[in-house]
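Keeping their order, the protein sequence lines are chains A and B.
So the first sequence is numbered by the numbering used here: it starts at 495 and just counts up by one.
So the second sequence is numbered by the numbering used here: it starts at 495 and just counts up by one.
Glycine included, C-beta positions come from ideal geometry on N, C-alpha and C.
Predicted model only: the values in this text are computed from it and were never measured.
First the structure, in the form of structure tokens, and then the observations on it.
2 protein chains.
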Amino acid sequence: MNKELALRGAVQIFSEDSLLQRLASGKRLKIKLGADPSRPDLHLGHTVILRRLKAFQDMGHEIIFIIGDFTGMIGDPSGKSKTRPKLTLEQTRENGESYLQQVAKILDTQKSTIVYNSEWLNKMNFADVINLASKYTLARTLERDDFTNRFRENQPISLHELLYPLAQGYDSVAVQADVEVGGTDQTFNLLVGRELQRDYGQTPQEVITFPLLVGLDGKEKMSKSLDNYIGIAEPPEIMYEKAMKIPDTILLDYFVLTTDIPTEQAKTAVQSDVIAAHKMYAAEIVKMYHGESAVADAVNRYNTVAAGAIPTNMQVVEISQADYLENGGKIGLLDLIRLAGLAPSNGEARRLVQGKGIKIDNKIVEDVQLQLNCENLVISRGKNKFVQVNFVGTTTFQSEL
Amino acid sequence: MNKELALRGAVQIFSEDSLLQRLASGKRLKIKLGADPSRPDLHLGHTVILRRLKAFQDMGHEIIFIIGDFTGMIGDPSGKSKTRPKLTLEQTRENGESYLQQVAKILDTQKSTIVYNSEWLNKMNFADVINLASKYTLARTLERDDFTNRFRENQPISLHELLYPLAQGYDSVAVQADVEVGGTDQTFNLLVGRELQRDYGQTPQEVITFPLLVGLDGKEKMSKSLDNYIGIAEPPEIMYEKAMKIPDTILLDYFVLTTDIPTEQAKTAVQSDVIAAHKMYAAEIVKMYHGESAVADAVNRYNTVAAGAIPTNMQVVEISQADYLENGGKIGLLDLIRLAGLAPSNGEARRLVQGKGIKIDNKIVEDVQLQLNCENLVISRGKNKFVQVNFVGTTTFQSEL
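As structure tokens, then:
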């Protein structure tokens, strides 16, 4: 059973025969997954593979998470990418810890191994790098899709970029991996590891690739930076609501790749009533990450908010009425938004109002100059963020004594 | 004067204006030359640039010889080249010493600096290499002629080969070179040094390239492995004889690139009487490397040997007649050749005879089975190696007493 679960959704296996032999051998296999040290927030896209690893772990195999802190600590030496800052050793360790804490929602981290590739890559000197680089040709390296395209289009490729697949591949040599899993976008790098192991006299690892989960936009791979994700640490109601927005055409993929619901059952559900299928999926992932008990509230809240109602259970912010005496007991809209914690500044508050993102007592407000009486109200930003504002303190105006 | 001499024959200068400014500045410049640590035998091809360095030295500048021992110690990690064995630290140091001793025939090594690039390249770790590699693009690297051709013809280029120009270029950064000189085949590498210095915040070095001296075959660059060379440590008579064989069409290049004889004078000599010009050139290089006193003998010997005569002054080998008593006082031809020191083994002696390379008393001998009386004779190999063999000891045969 676990074997089927471990390979559920797999796109390619290099090579299947050999993998099945190793699995049948009874040996405890080392299953490698490379993790990016710079983005520690996990979403459903990450779980596709983590859940496969869980199945391998349940079969008794050793899961090895490799935190790629070596390249993280170099940053982008060409200085082209501003989104890739140089990380310190401490930051990579913190990110590694945070990664493991989140991973713990899916598999048993006590039974897993976490290693940092700077441990061996930092020890390599120039001669070692030349030796490593001698094992791979330029032509093979340029077969990687992104290199092929950039080379063809005369876009610059810095020489150091050619070394990264080797560094990543060498990780397999260092941990003597039996199997490496990864997304289809990693196929090239995983195969480099396979070939380097052969060059270094090891049995080449088996490589299994899995699909990339498409995000809520229905186009791009799920990622935090594209804001098309469902985070596994998000509150139940947010998770539920986002799940309801998954495009119909890819809902079945979400079932197959991120839940244990049998494929046939999911297929039938999606084909017979896609809205009911969404609800079934949304309830399933809330259950998976927050427990059965969280489902009813998430459903309830979705039904009321989706119907435009104000939720009953919301954050309360108190504002002192006294502060607005001199203004005739009136508070400016932008101040109100900021004090309610819905915007960090009045400038940002202004933009929200202009974007029709702010409602008071469930009605959109559009006048940034609006002055309101200091009377209790509900203010909301977007569909999900509701704040109950209560004015406290002096309620009647006192003329000078 | 020295400035003209320093630039005599230069093919390209990057950039001439800037070089002239630096030379005029009065600053003591660091002039870099990269040396190959694996082939310590210097020939006239090497002197083209060494003599230019001598002129720079006479102007008061510092000559820095960089022994490229770093790559020498790595050898050929791809294992493709059997002619590039891995050198030990000791071997590279010995080769460096030997190089310097030979260089001393041309310039003042006391006033020069010799450094080994393993000193800084061995200290670089993987992160340093990535940083270095990030400064250069693949497209620029593939502009190097040999890479361009191999890439176009789908011949494999190992990734480590792309790193070598960077290592060599980084040498300029390490020694803070003001000027680098080299053969035209090194142009690309020298320019990498120039660009890396800029990237590392230094003033880019000036680059001067000089022609490659064509060897005695009139086709290929002079090199020991092609046996088309005149070594600067060869005996006067060999030097003289080889010089007489320089193809007429390239004799002028030899004058310009390897002597101080003014170009116009050389041109006139070559045009008016090419044989006399050869003699003039041959006498000049014997004088340069062995002194005026060696010229007459070399000329003499050339005239007699070239006329087929046996030289008067030759090596003498003594062989004990007694050793051949049991053979009826006869010595086999192959033994004779070996004992005369003309071959290391009888097998090699056999090959020499079969190749018609052996003469006795100036006549070619062709019978490898030949038995000779133990009588004094002159045996020779090729045109240059003559040995007087004297048989010593018992001269009359004694029957058993």
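With a threshold of 7 Å between beta carbons, residue 775/B makes no contact with chain A.
Residue 875/B sits in a strand when the DSSP states are folded into three classes. At a Cβ-Cβ threshold of 7 Å, residue 638/A and residue 682/A count as neighbours. With contacts defined by Cβ atoms closer than 7 Å, residue 537/A and residue 724/A form a contacting pair.
Its chain contains 560 as the residues whose beta carbon lies nearer than 6 Å to that of residue 609/A, once the 5 sequence neighbours on both sides are disregarded; these appear in chain order.
Under the three-pair Cβ rule at 8 Å, the region 726 to 733 of chain A does not count as touching the region 759 to 766 of chain A. Beta-bridge partners assigned by DSSP to residue 865/A: 826/A. Residue state for residue 629/B is assigned as coil, using DSSP reduced to three classes. Excluding five sequence positions before and after residue 865/B, the CB atoms of its chain that fall closer than 8 Å to its own CB belong to 821, 824, 825, 826, 827, given in chain order. Contacts with chain B (Cβ-Cβ distance below 7 Å) from the region 606 to 621 of chain A involve 615, 616, 618, 619, 620, 621, listed in chain order. Per the C-alpha coordinates, the member of 612/B, 588/B, 841/B, 555/B positioned closest to residue 602/B is 555/B. By the Cβ test, the region 619 to 632 of chain A is in contact with the region 618 to 627 of chain B, since at least three Cβ pairs between them sit closer than 8 Å.
Counting only runs of 3 or more residues that sit fully inside the region 622 to 696 of chain A, the beta strand (DSSP E) segments are 673 to 677, in chain order. For residue 702/A, no Cβ of chain B is located within less than 7 Å of the residue's own Cβ.
Annotated as distal: residue 517/B and residue 549/B, with beta-carbon spacing of 7 Å or more. If you draw a 10 Å sphere on the C-beta of residue 752/A, you find 16 or more other C-beta atoms in it, and that means buried.
Residues of the region 700 to 733 of chain B with a Cβ closer than 9 Å to any Cβ of chain A: none. Per the coordinates, the alpha-carbon of residue 685/B lies some 33 Å from the alpha-carbon of residue 581/A. Residue 712/B and residue 738/B have their alpha carbons spaced roughly 13 Å apart. Apart from sequence neighbours up to five positions away, the residues of its chain that approach residue 876/A with a beta-carbon distance below 7 Å are 851, ordered along the chain. For the 7 Å CB-CB criterion, residue 871/A and residue 861/A do not form a contact.
In the three-state reduction of the DSSP assignment, residue 857/A falls in the strand class, which pools E and B. DSSP places residue 798/A within a helical segment (H, G or I) once states are collapsed to three.
Chain-order list of chain B residues neighbouring residue 571/A: 624, 625, 628, by C-beta distance under 7 Å. Less than 7 Å divides the Cβ of residue 551/B from the Cβ of residue 557/B. Put simply, the CB of residue 600/B is far from chain A, with every gap to its CB atoms at 7 Å or more. Sixteen is the threshold: when 16 or more other Cβ atoms of the shown chains lie within 10 Å of the Cβ of residue 672/A, as they do, the residue is buried. Beta-bridge analysis with DSSP links residue 725/A to 537/A.
Residue 526/B counts as buried, since no fewer than 16 other beta carbons sit within 10 angstroms of its beta carbon. Rounded to the nearest whole angstrom, the CA to CA distance from residue 568/A to residue 653/A is 15 Å. Judged by DSSP secondary structure, residue 523/B falls outside any beta strand (DSSP E); it is assigned neither H nor E. Each of 784/A, 757/A, 885/A was checked against the Cα of residue 830/A, and the nearest Cα belongs to 885/A. Bridge pairing for residue 814/B: 886/B [DSSP].
Secondary structure of residue 505/B (DSSP, three-state): coil. Excluding the 5 residues flanking it on each side, residue 843/B has same chain C-beta neighbours closer than 6 Å at 828, 831, 832, 837, in chain order.
In the DSSP assignment, residue 527/A is bridged to 559/A.
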